[in-house]
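S.K.:
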């Protein structure tokens, strides 16, 4: 397998965060739910769950192996230790508790795969997005593993990555509706999850904007495989290529 922790990351070499034109498509996988097998052929990067908020060691390792077979890069997708709520319920943590929670999960995944970036899951993502100290804790772990951070532009995770001097990968959510303040519309609201046609249109709009490096689709959403295919085909029809965040064009 591969080395774990910061030492293992150093052995694999530093990231090249430069954007050369094409975008990236990412999705949350390895969580024991959703449509992983159907989605993987259409994405560039998999945000692989680390077996804490969902999934098992067997599922995580199987996802990593399938990513290797298809040439999909792996990012760590740590979440709250809260399986009953799939990591989607906010839990108050201290800065040290949050760093330890993320460090533990990223270290486990780094033992079986090179880590191209860290993207927090669910409520942990949004918790860090709005709290600078928590975002800084997330960035600290990314720096320890010499990897990047994924977050929404204009919010705290991207700002923390820039403060910490680690690559910041700015993402837009193709399959979700947005509120006027830039936050995602809660899933409980009608219209929060977009159908394939609207998701593809939103992905194309994001692709034309300079503020996004990667486009996300949720692997557990209804119709996720159709969304993934629609996005890939829409980008291809417009001559827009995609790439790995770490290693460049596919």
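Residue numbers (this note's numbering): 19 to 268.
Every residue, glycine too, gets a C-beta built ideally from N, C-alpha and C.
At the 7 angstroms Cβ level, is residue 64 part of the contact set with chain D, yes or no?
M.R.: Structure shown: chain D not included; a single protein chain is present.
S.K.: Any idea if residue 28 is buried or exposed, counting beta-carbon neighbours within 10 angstroms, 16 or more meaning buried?
M.R.: Along the chain shown, read from residue 1 onward, the residue named residue 28 stands at position 10. In this prediction, residue 28 has a pLDDT of 30, which is less than 50 and means its spatial position is unreliable; nothing more can be read from the coordinates.
S.K.: Between the beta-carbon of residue 188 and the beta-carbon of residue 176, is there less than 7 angstroms?
M.R.: Residue mapping note: residue 188 aligns to position 170 of the chain shown, counting from 1. Residue mapping note: residue 176 aligns to position 158 of the chain shown, counting from 1. Yes. Within cutoff.
S.K.: Ordered along the chain, which non-local residues of its own chain (more than five positions away) have a Cβ less than 7 angstroms from that of residue 212?
M.R.: Residue mapping note: residue 212 aligns to position 194 of the chain shown, counting from 1. Around residue 212: 193, 194, 195, 220.
S.K.: Where are the beta strand (DSSP E) runs, 3 residues long or more, that stay fully inside the segment 116 to 194, in chain order?
M.R.: Runs of the beta strand (DSSP E) inside the segment 116 to 194: 166 to 169, 186 to 191.
S.K.: Whole angstroms are fine: how far does the CA of residue 144 sit from the CA of residue 263?
M.R.: Residue 263 sits at position 245 when you count from the first residue of the chain shown. Residue 144 sits at position 126 when you count from the first residue of the chain shown. Answer to the nearest angstrom: the Cα atoms are 22 angstroms apart.
S.K.: Are the CB atoms of residue 71 and residue 137 nearer to each other than 7 angstroms?
M.R.: One-based indexing of the chain shown puts residue 71 at position 53. One-based indexing of the chain shown puts residue 137 at position 119. Going by C-beta atoms, residue 71 is not nearer than 7 angstroms to residue 137.
S.K.: How big is the Cα-Cα spacing for residue 169 and residue 226?
M.R.: Along the chain shown, read from residue 1 onward, the residue named residue 169 stands at position 151. Along the chain shown, read from residue 1 onward, the residue named residue 226 stands at position 208. About 18 angstroms.
S.K.: Based on Cα-Cα distance, which residue from 159, 161, 154 lies nearest to residue 173?
M.R.: By 1-based counting over the chain shown, the position of residue 173 is 155. Among 159, 161, 154, the Cα nearest to that of residue 173 belongs to 154.
S.K.: Distance check for residue 203 and residue 222, CA to CA, integer angstroms please.
M.R.: As a working note, residue 222 is residue 204 in the chain shown. As a working note, residue 203 is residue 185 in the chain shown. Each residue's Cα considered, the two are about 20 angstroms apart.
S.K.: Kindly indicate which residue of 242, 78, 82, 229 has the alpha-carbon position closest to the one of residue 216.
M.R.: Sequence index remark: in the chain shown, residue 216 carries index 198 (1-based). Here the closest residue by C-alpha is 242.
S.K.: If contact is defined by three or more beta carbon pairs under 8 angstroms, each pair taking one atom from either stretch, is the segment 128 to 135 in contact with the segment 97 to 115?
M.R.: Contact between the segment 97 to 115 and the segment 128 to 135 is absent, because fewer than three Cβ pairs lie under 8 angstroms.
S.K.: If I measure Cβ to Cβ from residue 158 and keep anything under 8 angstroms in the same chain, skipping five residues before and after, which residues do I get?
M.R.: Locating residue 158 in the chain shown gives position 140, where the first residue counts as 1. The residues are 117, 182.
S.K.: I'd like to check one pair, residue 249 with residue 210: are the Cβ atoms closer than 7 angstroms?
M.R.: Position 192 of the chain shown, counted from the first residue, corresponds to residue 210. Position 231 of the chain shown, counted from the first residue, corresponds to residue 249. No, these two residues do not count as a Cβ contact at 7 angstroms.
S.K.: Just how far apart, CA to CA, sit residue 147 and residue 119?
M.R.: Within the chain shown, residue 147 is the residue found at index 129, counting from 1. Within the chain shown, residue 119 is the residue found at index 101, counting from 1. Taking the straight line from one Cα to the other gives about 17 angstroms.
S.K.: I'd like to confirm the pairing. Which residues does DSSP put opposite residue 232 in its beta bridges?
M.R.: If you number the chain shown from 1, residue 232 lands on position 214. DSSP output for residue 232 lists 42, 189 as bridge partner(s).
S.K.: Can you tell me whether DSSP reads residue 197 as helix, strand or coil?
M.R.: To locate residue 197, count along the chain shown from 1; it is residue 179. DSSP places residue 197 in coil when its eight states are reduced to three.
S.K.: Are there 16 or more other CB atoms within 10 angstroms of the CB of residue 164, so buried, or fewer, so exposed?
M.R.: Counting from 1 along the chain shown, the entry for residue 164 is found at position 146. Buried: at least 16 other Cβ atoms inside 10 Å.
S.K.: How close, in whole Å, do the beta carbons of residue 123 and residue 68 come, if the pair is a contact with beta carbons under 8 angstroms?
M.R.: Stepping through the chain shown from its first residue, residue 123 is reached at position 105. Stepping through the chain shown from its first residue, residue 68 is reached at position 50. Sure, about 4 angstroms apart at Cβ, within 8 angstroms.
S.K.: Near residue 82, what residues of its chain come up, given a Cβ to Cβ distance below 7 angstroms and the 5 sequence neighbours on each side ignored?
M.R.: Counting from one through the chain shown, the residue named residue 82 turns up at place 64. Cβ neighbours of residue 82 beyond the five flanking positions: 66, 92, 130, 131.
S.K.: Take the Cβ of residue 59 as the centre, count every other Cβ of all protein chains shown within 10 Å, and call the residue buried at 16 or more, exposed below.
M.R.: Against the chain shown, residue 59 aligns to sequence position 41. Classification for residue 59: exposed.
S.K.: Note the first and the last residue of the continuous beta strand (DSSP E) segment covering residue 94.
M.R.: The residue you call residue 94 lines up with position 76 of the chain shown. It spans 91 to 95 - the beta strand (DSSP E) in which residue 94 sits, taken as one unbroken run.
S.K.: Which same chain residues, not among the five before or five after residue 171, have their C-beta less than 6 angstroms away from its C-beta?
M.R.: For the purposes of this step, residue 171 is taken as residue 153 along the chain shown, with counting starting at 1. Closer than 6 angstroms at Cβ, skipping near neighbours: 188, 229.
S.K.: Judging by CA-CA distance, which residue of 61, 57, 88, 51 is the nearest neighbour of residue 77?
M.R.: In the chain shown, counting from the first residue as 1, residue 77 sits at position 59. If we check each option's Cα against that of residue 77, 51 comes out closest.
S.K.: Hey, how far is the Cα of residue 62 from the Cα of residue 206?
M.R.: Residue mapping note: residue 62 aligns to position 44 of the chain shown, counting from 1. Residue mapping note: residue 206 aligns to position 188 of the chain shown, counting from 1. Rounded to the nearest angstrom, the two C-alpha atoms are 29 angstroms apart.
S.K.: Here's a check: name, in chain order, each residue in its chain whose Cβ is nearer than 8 angstroms to the Cβ of residue 251, leaving out the five neighbours to either side.
M.R.: As a position in the chain shown, residue 251 is number 233, starting the count at 1. Excluding sequence neighbours, residue 251 sits near 218.
S.K.: Based on the DSSP secondary-structure assignment, which residues constitute the bridge partners of residue 63?
M.R.: The count along the chain shown starts at 1 and reaches residue 63 at position 45. Beta-bridge pairing links residue 63 to 44, 91.
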